[in-house]
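Peer 1: The structure is given below, and queries will be raised subsequently.
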Amino acid sequence: MLLLAFGAVSAEAAFPGRNGQLAFSQLVAFDTPGTSAIELVEPDGAGRRRLAACESGIACRATQPAFSPDGTTIAFASGIETGNAIGLVRPDGSLLRRLPQLTAQDIQPAWSPDGAQLVFSGPQDGGPLFDIFTTSIASPAARRLTLRAGTDDGEPAWSTRGKVAFRRQRDLYTMLPDGRALARLTFRGGADPAWSPYATKLAFERAADIHIVGADGRGLRRLTFRSGADPTWSPDGRRIAFTRLETAGGAGRSSIYTVGTDGRDLRRVASVPTGGGRELADPDWQPLSR
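Structure, rendered in structure tokens:
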């Protein structure tokens, strides 16, 4: 993995609907010219464009996009010289705003099912370990959900049935949005949890491949066999988008693919060469009204 702005990955929850655009991050290494930014693309690879997610005249790093349940707004990690906070913007670049910075580094935002709150990761008292927080969008204020000394919590995803999945150390857990009913979901590693639209399953990364498991921890199966990370479900629940680092002819590429939930019909949606210190990450799928 390259040393990139906001190197930690985000997690996602799919919200039911028709399949819209894919949003993703194009990450740029700190020592490479350029700025990490959010891009949008149609599921067939058409219409790829960069999203204007920085205020005029202000340099920023925009990463980790997450579509709201109605698909009209993108929350993202917004890094500027004074710190990292959560930004909000329409897919057309309008109505851009930045929430107040609530911790030393607000990252990995994900929406509540009603679209009124966000769950996100922030450092424990400014240290290297992270906790999970929630905030109201109308009245931003950090509410800590996890606090366990010596553990690193991150990559939260809020399901349509109200549970929050997240990574603790090297495994996945679930809890209620108030921090109660903590339950361990995996015991052999897991990261990047992504809820299916009706919260019956989770896709996640383990040992550099995508796996799927039931919300109760049963029915584990492997989806990819040539590497995969950053999974996210399509709003119709039939496909999963993910990232893959690959090498062909000695040249490295970072790509976003989609695949059927049965592992068939693999399609590449977007790609960049990694030689310039770039990497694609954090795909999220826009839900459209039926």
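Our numbering puts the sequence shown at residues 50 to 339.
The beta-carbon is built from N, C-alpha and C at its ideal position, and this holds for glycine as well.
1) Can you find the residues in the same chain that come closer than 6 Å, C-beta to C-beta, to Gly132, ignoring five residues on each side of it along the sequence?
2) Taking Ala257 as the reference, which of Asp279, Arg233, Ala198 has the closest Cα?
3) By the 10 Å Cβ neighbour count, where 16 or more other Cβ atoms means buried, how is Thr273 classified, buried or exposed?
4) Alpha carbon to alpha carbon, how far is Arg110 from Arg98? Give it in angstroms, no decimals.
5) Starting from Glu104, follow the beta strand (DSSP E) in both directions and report where the run begins and ends.
6) Out of Gly94, Cys103, Ile289, point me to the one whose CA is closest to Leu63's CA.
7) In three-state terms, what does DSSP make of Thr323?
8) Nearest to Ser185 by alpha carbon, out of Gly199, Leu167, Pro336?
9) With distance defined between alpha-carbon atoms, name the residue in Leu145, Arg271, Trp334 nearest to Ser282.
10) When the distance is taken between beta carbons, is Gly66 closer than 8 Å to Pro284?
11) Is the Cβ of Glu328 closer than 8 Å to any Cβ of chain D?
12) Mind checking Ile107: buried by the 16 CB within 10 Å criterion, or exposed?
13) For Phe116 and Gly171, I'd like the C-alpha separation in whole angstroms.
14) Kindly indicate which three-state DSSP category Glu91 falls into: helix, strand or coil?
15) Have a look at Ser320 and Tyr306 and give me their C-alpha separation to the nearest angstrom.
16) How close, in whole Å, do the beta carbons of Thr183 and Arg197 come, if the pair is a contact with beta carbons under 8 Å?
17) Whose C-beta lies closer than 7 Å to the C-beta of Asp314 among residues of the same chain, with five residues either side of it excluded?
18) Leaving aside the five residues before and after Gly239 along the sequence, list all residues of the same chain whose C-beta is less than 6 Å from its C-beta, in chain order.
19) Go through its chain and collect everything with a Cβ distance to Ala54's Cβ below 7 Å, but skip five positions before and after it.
20) Can you say whether Arg216 is buried or exposed, counting buried as having 16 or more other CB atoms within 10 angstroms of its CB?
21) Please report the straight-line C-alpha distance between Arg316 and Trp207, rounded to a whole angstrom.
22) Using 8 Å for Cβ pairs, my map puts Ala330 next to Ser74. What's the rounded Cβ distance?
23) Between Gly176 and Arg339, what straight-line distance do the alpha-carbon atoms span, to the nearest angstrom?
24) Provide the residue(s) that pair with Tyr306 in DSSP beta bridges, ordered along the chain.
25) Take Ser161 as the anchor and find which of Pro332, Asp119, Leu100, Asp180 has the nearest alpha-carbon.
26) For a test of the three-state rule: what should DSSP assign to Ala54, helix, strand or coil?
Peer 2: To lay it out plainly:
1) Gln150
2) Asp279
3) buried
4) 16 Å
5) Unbroken run through Glu104: none, as it is neither H nor E.
6) According to the sequence displayed, residue 63 carries Ala and not Leu. That would be Ile289, whose Cα lies nearest to the Cα of Ala63.
7) helix
8) Leu167
9) Looking at the sequence provided, one finds Trp at residue 282 rather than Ser. Of Leu145, Arg271, Trp334, the residue nearest in Cα terms is Trp334.
10) yes
11) The structure shown contains no chain D; it holds only a single protein chain.
12) Around the C-beta of Ile107, fewer than 16 other C-beta atoms lie within 10 Å, and the residue is accordingly described as exposed.
13) 20 Å
14) coil
15) 9 Å
16) The pair is not a contact, with the Cβ atoms about 17 Å apart (cut-off 8 Å).
17) Val308
18) Asp220, Leu221, Phe253, Arg255
19) Confidence in Ala54 is poor, its pLDDT being 42 and thus under 50, which makes the residue's placement too unreliable to answer from.
20) buried
21) The C-alpha of Trp207 is placed about 27 Å away from the C-alpha of Arg316.
22) Indeed they touch by this definition, with Cβ atoms about 5 Å apart.
23) 44 Å
24) Phe291, Arg317
25) Asp119
26) Residue confidence for Ala54 is low, a pLDDT of 42 falling below 50, so the modelled location carries little weight and cannot support an answer.
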